[in-house]
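Engineer:
Residue numbers (the working numbering): 1 to 178.
1) Hey, how far is the Cα of residue 82 from the Cα of residue 88?
2) Counting only beta-carbon separations shorter than 8 Å, does residue 33 have a partner in chain B?
3) Among residues of its own chain, excluding the 5 on either side of residue 185, which ones have a beta-carbon nearer than 6 Å to its beta-carbon?
4) Using only alpha-carbon positions, find the residue among 3, 76, 5 and 123 that is nearest to residue 135.
5) Identify the residues that DSSP records as bridge partners of residue 82: which are they?
6) For residue 93, report the span of its alpha helix (DSSP H) as first-last.
7) May I have a chain-ordered list of the alpha helix (DSSP H) segments no shorter than 4 residues that lie completely inside the segment 95-125?
8) Can you check which of these residues, 154, 115, 172 and 74, is closest to residue 145 by C-alpha distance?
9) With residue 119 and residue 132 assumed to form a contact (beta carbons below 8 Å), what rounded beta-carbon distance in angstroms separates them?
10) Taking the CB atoms as reference points, tell me whether residue 63 and residue 18 lie closer together than 8 Å.
11) To the nearest angstrom, how far is it from the Cα of residue 154 to the Cα of residue 121?
12) Helix, strand or coil for residue 170 per DSSP?
13) Within its chain, find whatever has a CB closer than 6 Å to the CB of residue 94; leave out the 5 residues flanking it on each side and keep chain order.
14) Are the beta-carbon atoms of residue 169 and residue 57 separated by less than 8 Å?
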């Protein structure tokens with residue numbers, strides 16, 4: 001029971017933290033895009049343009065990468081959890097963390113699966129990961145991890161998959177408008 005509560009608390013804390021990061025970023029992104037579109041490319045506005053929507057979704061890449069530093073997001077560091085490879089128990093790599101978070105837009109289903117299975121949610125099944133108890137860490141540890149970041153093959157793969165994903169979301173948004 002405690003593991004379920006910790007998992008849900010971590011999910012909530014991550015969502016609140018990422019909302020504070022993403023909402024201002026999204027607002028700034030939309031304002032800049034709207035100003036750019038009105039001035040130079042009126043056809044670039046978001047009403048029916050897949051590229052416009054795709055670009056608008058790019059800040060979500062930050063959310064999708066929230067666990068990519070040693071499998072620990074802000075919430076997981078605070079609560080004492082870590083995303084690990086399901087088979088090896090080693091910290092999940094950046095691509096695994098990215099894949100597991102691609103399911104975030106269907107969060108109600110993710111919460112339900114987390115209640116039923118406290119160590120694995122839907123994204124964990126697809127990314128071949130699980131969440132385990134870990135030592136609690138201070139926020140500063142995340143800053144230290146970010147400073148150690150290096151470009152890798154995973155970086156390119158994440159960018160390509162992220163762009164395709166954002167482009168796919170643009171199709172959904174346009175369909176919802178019609």
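In this text, a Cβ means the ideal position worked out from N, Cα and C, and glycines have one as well.
Keep in mind that this is a model prediction, so the values were computed, not measured.
Structural biologist: A quick look at the data gives this:
1) Here residue 82 refers to the residue found at position 82 of the chain shown. Here residue 88 refers to the residue found at position 88 of the chain shown. If you take the alpha carbons of residue 82 and residue 88, they lie about 13 Å apart.
2) Absence of chain B from the displayed structure is noted, only one protein chain being present.
3) With the chain covering only 1 through 178, there is no way to say anything about residue 185.
4) As a working mapping, residue 135 is identified with position 135 in the chain shown. Ranking the options by Cα distance to residue 135, first place goes to 76.
5) The residue given as residue 82 occupies position 82 in the chain shown. In the DSSP output, where bridge partners are listed per residue, residue 82 has 132.
6) The count along the chain shown starts at 1 and reaches residue 93 at position 93. Premise fails: residue 93 is in no alpha helix (DSSP H) and is neither H nor E.
7) Runs of the alpha helix (DSSP H) lying entirely within the segment 95-125 and spanning at least 4 residues, in chain order: 107-116.
8) Counted from its first residue, the chain shown places residue 145 at position 145. Of the listed residues, the one whose Cα sits closest to residue 145 is 74.
9) As a first step, residue 119 is located in the chain shown; it is residue number 119 there, counting from the start. As a first step, residue 132 is located in the chain shown; it is residue number 132 there, counting from the start. About 7 Å separates the Cβ atoms of residue 119 and residue 132, confirming a contact at the 8 Å cut-off.
10) Taking the first residue of the chain shown as 1, we reach residue 63 at position 63. Taking the first residue of the chain shown as 1, we reach residue 18 at position 18. Going by C-beta atoms, residue 63 is nearer than 8 Å to residue 18.
11) Reading the chain shown from its first residue, position 154 is the one you call residue 154. Reading the chain shown from its first residue, position 121 is the one you call residue 121. For residue 154 and residue 121, the distance between alpha carbons rounds to 22 Å.
12) The residue given as residue 170 occupies position 170 in the chain shown. In the structure shown, residue 170 adopts helical secondary structure according to DSSP, grouped into three states.
13) One-based indexing of the chain shown puts residue 94 at position 94. Contacts found: 68 and 154.
14) Within the chain shown, the letter at position 169 stands for residue 169. Within the chain shown, the letter at position 57 stands for residue 57. Cβ distance < 8 Å, so residue 169 and residue 57 count as in contact.
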